[in-house]
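The structure appears right after this line, and notes come after that.
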Amino acid sequence: MIEIPKYLKTYIVEQNYDDYSFIDHACWRFIMRLNKQYFRNHAHPKYLEGLDKTGITINQIPKIENIDKKLQSFGWRAVGVRGFLPPLVFMDFQSKGILPIACDMRSIEHLTYTPAPDIVHEAAGHSPMIADGDYAQYLKYYGKIARKAIYSSEDYDLYVAIRKLSDIKENPNSKTLEINKAENNLKNAIKSISYTSEAAFLSRINWWTVEYGLVGDTDNPKIYGAGLLSSIGESENCLKDEVEKIPISIDCLNYSYDITEQQPQLFVSKDFKSLVKILDEMSSSMAYQIGGIEGVDKAIQSKSICTLELDSNIQISGKVSNMIISENSIIYIQLECETQLAIKNKEIDGHGVERHKEGFGAPLGKLTNGLELNKLNKDEFIELGYKIDDFINIEFESGIKLKGIIKSIFEHDNYIKIITFSNCSVKYKNETLFDPAWGEYDMICGQRIESVFGGPSDMDQYYKRQSSNNNISNLNNNTSKPNINNELNKIYSNIRFMREQNCIDFSVLEKLAKDLNTNHQNDWLAGLEIYELSFKTDYDWVK
């Protein structure tokens, strides 16, 4: 059984299956029957097979708990969520083999496309293809790499604007003024993007594969992207000659996309295994692989929560604000706001955001006497004359000078990781890096930064206590449920009962049709279902 971290559990919601109206189920049935017929010839062969294997029912909205049970046979799980998740959260779910399924059902006004995530897109779009082993492996691998990507603060602002607009558009009670305001906010968020982050590049790969991907021959490709599998309208359009079909390569990174428009080009992969090569090519240049000055520079530019991992396995998580470089090496790193220290993605006891709420600074490199502190244990350090409660002066080869009283020494795996000082000052040339008035100084031991990745190392602990807004904050998950027309819903209920019980009462059916024509003239789906029942029995409506 896949374990779900605590911080991810905060995004999980109950499906509340009884809240779906008979209208909701009818909408689902209409979409899925069209999908099954159309995608029989146009989707990847695994799609139809995957519907049943992953618990996707046709005549009524599936239960997420049933999808979860089915997916477990493929090494995956499914959980219910609501609305757009923060990108880092969604990718963390995916990297662990967990499919987040939006519980909301699109309205009859948005049958062919919805501006908000819903159960059609997540369940009927994403789930069936997981039955293909190569695709499922790619999906999970993508999540693991995307989880390491550095998101910019601008990316997060864009996510907030998109989510706000989608929620407002899907809510039938929204006013035109609200929609216009949300659309303007989204335009402003897009205009504010000053550079393309690692996460934005990876989102393009996701868009052209997982969401809008085609597979096979460019002259006769098959659909596998969830965005297409959940939208007949876009699927029909995408196979037309007007939409350019391009063999997929790393070059797809250079194609941005507009979520509000149908795409002018799509990418075709030979098979799902070939997609892994594109991810490998992308990841080789990412900060989590290269570290160093280039990696830290990406973290500073992002203005978001990132993690720096040292050669000593110490991980520092927070907003990186500055680095001091000497002879092409980082000699000091500075973080602002709440910072966490961890080892192997587990917060070091006593070194969470509560202790480092105003930031963190750390010198890197050897001492002038050649000592590499991270390669010593506590006893060896003491034997060299550095004792607890002693006032010491040490100098790094970089010229950084530290003096203070040794208060404690923290070891892990028999090596020194942190030396805590009181009455401590840290200086470089004429610059004060730490002043005794600021409290105790925790000096981490390490020579260089080997990896830089997005988000904190120990998310459960970092976000358990953090008070400030950040790139993973859980927005209000409560969206307004459209008001159900109880009389119309009752008509759908009666239709469904007769169909499922195979006991058609034509006198009742006629009354329902008259009621529909008189009181609900804008509703066409119930009329279609009534016609379907009468057509099957050759009932003569003209007497």
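For the sequence shown, the residue numbers in numbering that gives the first Met the number 0 are 0 to 542.
For every residue, glycine included, the Cβ atom is placed at its ideal position computed from N, Cα and C.
From a predicted model like this one, the values you see are computed outputs, not experimental measurements.
| query | result |
| --- | --- |
| Can you pull the DSSP bridge partners for residue 305? | 317 and 453 |
| Given a cut-off of 8 Å on the beta-carbon distance, is the pair residue 445 and residue 311 in contact? | yes |
| Just list the beta strand (DSSP E) runs in the stretch 89–121, keeping only unbroken ones of 3 residues or longer that don't cross its boundaries, in chain order. | 97–101 |
| In chain order, what residues of the same chain have a beta carbon less than 6 Å from the beta carbon of residue 201, not counting five sequence neighbours either side? | 145 and 148 |
| So, at 8 Å on beta carbons, what are the nonlocal neighbours of residue 299 in its own chain, with the 5 sequence-adjacent residues on each side left out? | 319, 320, 321 and 322 |
| Could you give the DSSP three-state label for residue 219: helix, strand or coil? | strand |
| Going by DSSP in three states, residue 369 sits in which element: helix, strand or coil? | coil |
| How big is the Cα-Cα spacing for residue 296 and residue 306? | 12 Å |
| Within 10 angstroms of the Cβ of residue 486, are there 16 or more other Cβ atoms? Answer buried if so, exposed if not. | exposed |
| Using C-beta distances below 7 Å, list every residue in its chain close to residue 84, excluding the 5 sequence neighbours before and after it, in chain order. | 10 and 99 |
| Near residue 273, what residues of its chain come up, given a Cβ to Cβ distance below 8 Å and the 5 sequence neighbours on each side ignored? | 247 |
| If you reduce the DSSP assignment to three classes, tell me which class residue 501 lands in. | coil |
| Can you give the Cα-Cα distance for residue 271 and residue 58, rounded to whole angstroms? | 30 Å |
| Which same chain residues end up closer than 8 Å to residue 293 when comparing Cβ atoms and leaving out the 5 residues on each side of it in sequence? | 286 |
| Here's the rule I'm using: 16 or more other beta-carbon atoms within 10 Å means buried, otherwise exposed. How should residue 160 be labelled? | buried |
| Going by CA-CA distance only, name the one from 236, 291, 437 and 371 that's closest to residue 360. | 437 |
| Is it buried or exposed, residue 4, if we count other Cβ atoms within 10 angstroms and call 16 or more buried? | exposed |
| When you compare the CB positions of residue 117 and residue 135, do they come within less than 8 Å of one another, or not? | no |
| Near residue 545, which residues of its chain fall below 8 Å by C-beta distance, leaving aside the five closest residues on each side in sequence? | The structure shown has nothing for residue 545, since the chain only spans 0 to 542. |
| Counting Cβ pairs, one atom from each stretch, are 3 or more of them under 8 Å apart for the stretch 225–232 and the stretch 34–43? | yes |
| Hey, out of 337, 364, 317 and 245, whose CA is closest to residue 331's CA? | 364 |
| In terms of residues, what are the limits of the alpha helix (DSSP H) holding residue 154? | 152–169 |
| Of the choices 191, 29 and 441, whose alpha-carbon is the least far from that of residue 156? | 191 |
| Quick check: what's the CA-CA separation for residue 29 versus residue 152? | 40 Å |
| Counting C-beta neighbours from all protein chains within 10 Å, is the total for residue 338 16 or more, i.e. buried, or is it exposed? | buried |
| Would you kindly check if the distance between the Cβ of residue 309 and the Cβ of residue 189 is under 8 Å? | no |
| Pick from 350, 88 and 393: whose alpha carbon is nearest that of residue 370? | 393 |
| Taking 8 Å as the cut-off, does the stretch 123–133 touch the stretch 45–59 (at least 3 CB pairs, one atom from each stretch)? | yes |
| Between 169, 131, 61 and 139, which lies nearest to residue 119 when the distance is taken from Cα to Cα? | 61 |
| Here's the rule: buried if 16 or more other CB atoms are within 10 angstroms of the residue's CB, otherwise exposed. What is residue 468? | Confidence at residue 468 is low in this model, with a pLDDT of 41, below 50, so the placement of that residue should be treated as unreliable; the coordinate-derived value is given next. Answer is exposed; the Cβ neighbour count stays below 16. |
| Considering only residues of the same chain and omitting the five flanking positions on each side of residue 122, which have a CB-CB separation below 7 Å? | 55, 61, 66 and 100 |
| Following the continuous alpha helix (DSSP H) through residue 175, name the residue where it begins and the one where it ends. | 175–190 |
| Between which two residues does the alpha helix (DSSP H) holding residue 143 run? | 132–147 |
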